[in-house]
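First residue of the sequence shown? That's 225 in the numbering used here, and the numbers climb one at a time after it.
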Amino acid sequence: AMDGGSRFVRGDAIAGLVITGVNVVGGMLVGVLQNGWGLAETARAITVLTIGDGLAAQVPAFVIAVAAGLVTARAGRGKSIGEELPRQVVGGPRALWMLSGFLAVLALTPLPTVPLLAAAAVSAGLAMLVARAAGMSATASAARAAAGGDTLPEDDSARRRAEEIGALLSIEPLEVEVGADLVELVREGDASPVLRRIESVRRQVAQDLGIVVPPVRVRDERTLPAGGYRIRIRGAAVGEGELRLGELLAMPGEGALPELPGIPVREPAFGLDALWIAPSLRRQAESAGCAVAAPESVLGAHFATVVRRHADELLTREHVADLLAELERHAPRLVADTVPACIRPGELQRVMQCLLRERVPVRDLEAVLEAVADASRRSRDPHALAEAARLALRRTICQQYARPDDDGRPVLACVVAGAGLDALVAGSVREGDGEPSIALSPADAARVVQAVAGAARPLAAAGLPVVVVSSRGARAALARLIAPHIPGSAVLAFEELVRGIDVDRIGEAELAAQPQEAAA
């Protein structure tokens, strides 16, 4: 409505200008050519008459413009103009003093003098009354402040104590603590190499896994040893390590560590044998097949590993709501039909956490939601829904672990679970409330882990990810069994293999015979 009113005002003003021009030109032509008047006399008479007519014609447009301004100025205040106008006029003496001066100046013109001077005097009197009332209000406020001045420090102290308690009780989603001697790595703020590396990890994880990593708080911790750092998720320590400023960390490639002078340590991200060496030995270490990293790169790699390993703990309902809102922009019908009719946001969060726990990207949330919506007719269990989502994401999962061969074709090198091992694990699954349990004796669980680790040894030696393929019934349980003992391993179901990616069967994980079976 306001836009239409403004267009009307603008059009009316333009039409008035056109009419004024037509009146001037037409009047001069009539006066000079038809009546035989002189040019100067005609111009003076016609312009005076035309300008007067134009001013009269612009009065409606002026009134509309003033009304539009009033409506715009009071938009959202919730009060009528009758309530708002007096408050604005007498809200301060300045407007009334300006009005009084303007009326006094108009009294000097040929306009009626007595009414203008009377109006100026009334406006000046109102201005004096408003100024006196404002002064009395300020004096009363100062008196109240002086009377209660002795309580202000207590109020400030209470407020500070409340803020301190709130700061102590608040928990950061992600936090990196550094020792006193590592503060210089983050002293430069956003330009520091550590913070740049952390920001790069956040972007990379968002692209790979499809979740938004929360902001990271980096602070110094005086209780840490020299060169120490600690990574926390929601207040719990999930990783720590030690850096040596001015040195480089040499990590072996395919072979063992070379004989170089340095300090042997365990690489914090993957637990590999490593060596802190002087920068002058960098070329020698690289020629021996070692990967060499600066301290900030070591911290960044460890941080990236921790974030990927605990991505499920970082996914909150707020993040799921944000992801659904983003998906609704591209697939509004899907979100409207499935949430919450087929699955509630809390259930979807648990499904996504199950996927992230096994490092399955949830970036294709549309495919996840469609699969979960279809499977929810049979079961609302998050783990069963996660298995259905894995089938929808099977190509993404296979591509995640496939490597190109000499011809550039993707090949998935894997170990196949033997029939006996597969049957033992599948038969041990017990359904119940929550995550299914595994009813295996410690001896049988150890046999399963040893069989998989032995069969997957060629994969680890070749630097390939440890991938095990089993039946769908044993997949989840087998993944839970071997995950603590073979970090970075993945278990896929036969149904999750896709065309276009060749499968290279490296070996078969079969249970070793028990002593009594061997004796028989």
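Glycine included, every Cβ here is placed at the ideal spot set by N, Cα and C. Fair warning: this is a prediction, and the values are worked out from it, not measured in the lab.
Next on the checklist: Taking contact to mean 3 or more Cβ pairs, one atom from each stretch, closer than 8 Å, check whether the region 712-730 and the region 622-635 are in contact.
Outcome noted: They touch, by the three-pair rule.
Item to check | For residue 466, the first and last residue of its enclosing beta strand (DSSP E) | outcome: Boundaries of the beta strand (DSSP E) around residue 466: 460-466.
Checklist entry - Helix or strand or just coil, what does DSSP make of residue 578? => result Correct three-state label for residue 578: helix.
Checklist entry - How far does the alpha helix (DSSP H) with residue 321 in it reach, from first residue to last? => result For residue 321, the uninterrupted alpha helix (DSSP H) segment begins and ends at 317-330.
Checklist entry - Could you check where the alpha helix (DSSP H) with residue 420 kicks off and where it finishes? => result For residue 420, the enclosing alpha helix (DSSP H) stretches over residues 417-433.
Checklist entry - By how many angstroms is the C-alpha of residue 647 removed from the C-alpha of residue 544? => result Each residue's alpha carbon lies about 37 Å from the other.
Checklist entry - Given residue 632, which residues of its chain have a CB within under 7 Å of its CB, disregarding the five upstream and five downstream residues? => result So the list is empty, once near-sequence residues are dropped.
Next on the checklist: Please state whether the Cβ-Cβ distance between residue 481 and residue 519 is less than 8 Å.
Outcome noted: Going by C-beta atoms, residue 481 is not nearer than 8 Å to residue 519.
Next on the checklist: Whole angstroms are fine: how far does the CA of residue 608 sit from the CA of residue 573?
Outcome noted: Taking the Cα positions, residue 573 is about 14 Å away from residue 608.
Item to check | Endpoints, alpha helix (DSSP H) assigned at residue 488 | outcome: Run containing residue 488: none in the alpha helix (DSSP H); it sits in the beta strand (DSSP E), 487-490.
Item to check | At least three beta-carbon pairs within less than 8 Å, the region 417-429 to the region 531-543 | outcome: Yes, since at least three Cβ pairs between the region 417-429 and the region 531-543 fall closer than 8 Å, the two stretches touch.
Checklist entry - Going by DSSP, which residues form a beta bridge with residue 267? => result DSSP links residue 267 through a beta bridge to no other residue.
Next on the checklist: Report the start-end ranges of each alpha helix (DSSP H) in the region 656-706 that is 4 residues or longer and not cut off at the edges.
Outcome noted: Within the region 656-706, the complete alpha helix (DSSP H) runs of at least 4 residues are 666-679, 681-685, 696-706.
Checklist entry - For residue 654, which beta-bridge partners are listed by DSSP? => result In the DSSP assignment, the residues bridged to residue 654 are 661.
Checklist entry - Would you call the region 545-560 and the region 670-686 in contact, with 3 or more CB pairs under 8 Å? => result A contact is defined here as three or more CB-CB pairs under 8 Å, and the region 545-560 fails this definition with respect to the region 670-686.
Next on the checklist: Between the region 446-458 and the region 560-571, can you find at least three pairs of beta-carbon atoms closer than 8 Å?
Outcome noted: Short answer: they don't touch.
Checklist entry - For residue 612, which of 575, 645, 640, 449 has the nearest alpha-carbon? => result Of 575, 645, 640, 449, the smallest CA-CA separation from residue 612 is found for 575.
Checklist entry - Expressed to the nearest angstrom, what Euclidean distance is found between the alpha-carbon atoms of residue 729 and residue 398? => result If I take the Cα positions, the gap works out to 40 Å.
Next on the checklist: Less than 8 Å between the C-beta atoms of residue 403 and residue 445, yes or no?
Outcome noted: Contact: yes.
Checklist entry - If you compare alpha carbons, which of 494, 600, 316, 689 is closest to residue 635? => result Cα-wise, what sits closest to residue 635 is 689.
Next on the checklist: Distance check for residue 653 and residue 698, CA to CA, integer angstroms please.
Outcome noted: So the alpha carbons of these two residues sit roughly 8 Å apart.
Checklist entry - Between the beta-carbon of residue 454 and the beta-carbon of residue 396, is there less than 8 Å? => result In this structure, residue 454 sits away from residue 396, with a CB-CB distance that is not shorter than 8 Å.
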